[in-house]
Structure formats: C-alpha cells, structure tokens
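Accompanying notes for the structure given below.
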Amino acid sequence: MLSLKENNPQIVKLNANNYSVWKFKMEMILIKEDLFHLIEDDTPSQPDEKYIKRDRQARAIINLCIEDSQIIHIKYETTAKATWNKLKTIHERSNLSSKLFLLRKLYATKMSEDGNMNEHIAQMLELIDKLKAVGEEIKDDHIAALLLVSVPKSYDTLITTLEARPEN
3 MLSLKENNPQ IVKLNANNYS VWKFKMEMIL IKEDLFHLIE DDTPSQPDEK
53 YIKRDRQARA IINLCIEDSQ IIHIKYETTA KATWNKLKTI HERSNLSSKL
103 FLLRKLYATK MSEDGNMNEH IAQMLELIDK LKAVGEEIKD DHIAALLLVS
153 VPKSYDTLIT TLEARPEN
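When you number the sequence shown by the numbering used here, it's gap-free, plus one each residue, and the end is 170.
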C-alpha cells in the first residue's frame, strides 16, 4: 500500500482485478487534493504554468498508485486526463463478452452452507458494481432474487417467510 502524504489515506495499487475500488479511492484522493477537475474537464488549449504543475501532480499521484504491470498502458501518456482515460478504456471494457462473463459469474455465485453472509453479499455487490461499470444496470428486485437463489438450503425458511410477506 502507498501513503501519498502523512494525512492521506492509503490506497492499494491498481492491478488487473481491482479497478472499480481503485477508481473510487483514486477519485476521492484527487478530490481531496483539488485535482479531480484535471481528469474530468477538457484540457485548456493554452494551459498556464499553474495548470501544467497541477496536471503533473495529478498524473504523478495516478502513476504512483498503479502496479508495475499497469505501467505499460500509460507510460507515454502526457496528461492526467489521458492517463486516466487510458486506464478507464483498458479496465472498463463495455463489450458484450465482458458483460456476459460478469453476468455468468453473478448468476453462478452460490454461498456454501458454512459461508459468511456478509462476505457473500459483498461478493455479489462487487460483481454488480463491475456490471454497472460496463453499462449493465441490474434492478433491485433482480438483485434480491439473485441473492435469494444463491443462498444454501438452510435459508429456505427465511426465504419462504420473505416470499409470504405482504407488500406494503
């Protein structure tokens, strides 16, 4: 983990598997450092020295928070926005195969009889978040149904009770 400054929170470096969480934390760091606009807004056609300096700071923060395996993707990018967008393009592929892979993984997720419910829910929510990142929105009632079919038989009584409950 990397601590950017004494008062900054630590962040796990970006790798091939943690983009969604890394992106959220990196956005928070850039907001905290008042640098987020550099990745969100268009680059001015004639940037002044202050802008260039702050852009370099943002780029350095991003580049220092990625694993070595990710450097190849952004090594030659010259602005924070270009660096950010390159990482986004690589990790947020919104093609059909990515969606299908994540959907299959979500529908196949099952909690074992001795599994931890909090960990199971967190695993499902992580997959749902990844699906949102690639443009696939899942409705709350579908999430609830997926959760109910993913728990072991020992939860059947709870499921029956929930299903028999009148809607308010």
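Each residue gets a CB set at the ideal place from its N, CA and C atoms; glycine is no exception.
Note that this is a predicted model, so its numbers are computed, not measured.
Who are the Cβ neighbours of residue i in its own chain at under 7 Å, not counting the five residues just before and after it?
i: Thr81; result: Thr45, Asp57, Arg61
i: Glu165; result: none
i: Glu8; result: In this predicted model, Glu8 has a pLDDT of only 49, less than 50, meaning its place in the structure is not dependable; the value taken from the coordinates is given anyway. Once the five neighbours on either side are set aside, Glu8 has no close Cβ partner at all.
i: His39; result: none
i: Gln125; result: Thr111
Would you grab the beta carbon distance between residue i and residue j for me? Rounded to a whole angstrom, and I think it's under 8 Å.
i: Glu69; j: Leu16; result: 6 Å
i: Met113; j: Ser152; result: 6 Å
i: Ile64; j: Met30; result: So it is not a contact: roughly 13 Å between Cβ atoms.
i: Asn140; j: Leu150; result: Sequence inspection shows Ile at residue 140; the Asn mentioned does not correspond to that position. About 14 Å; that fails the 8 Å criterion.
i: Ile41; j: Trp86; result: 4 Å
i: Leu148; j: Leu108; result: 7 Å
Tell me, please, which residues DSSP counts as bridged to residue i.
i: Ile186; result: Residue 186 lies beyond the residue range present for the chain, which begins at 3 and ends at 170; the question has no answer from this structure.
Between the options, which lies nearest to residue i when the distance is taken from Cα to Cα?
i: Ser71; options: Ala18, Ala146, Glu169; result: Ala18
i: Phe103; options: Lys27, Met126, Leu133; result: Leu133
i: Lys101; options: Glu138, Lys155, Ala84; result: Glu138
i: Val136; options: Glu94, Lys107, Thr163, Ala146; result: Glu94
i: Leu37; options: Tyr21, Ile54, Ser22; result: Ile54
i: Phe154; options: Pro168, Asp131, Gly117; result: As written in the sequence, residue 154 is Pro, which differs from the Phe given in the question. Nearest of Pro168, Asp131, Gly117 to Pro154, Cα basis: Gly117.
i: Tyr21; options: Asp158, Asp131, Leu98, Ala147; result: Asp131
Below 8 Å CB to CB, which residues in the same chain sit around residue i once its five sequence neighbours on both sides are set aside?
i: His75; result: Lys88, Leu89, Ile92
i: Ser156; result: Glu115
With a threshold of 6 Å on Cβ separation, who are the neighbours of residue i within its own chain once the five nearest residues in sequence on each side are excluded?
i: Glu128; result: none
i: His122; result: Met113
i: Trp24; result: Leu16
i: Pro49; result: none
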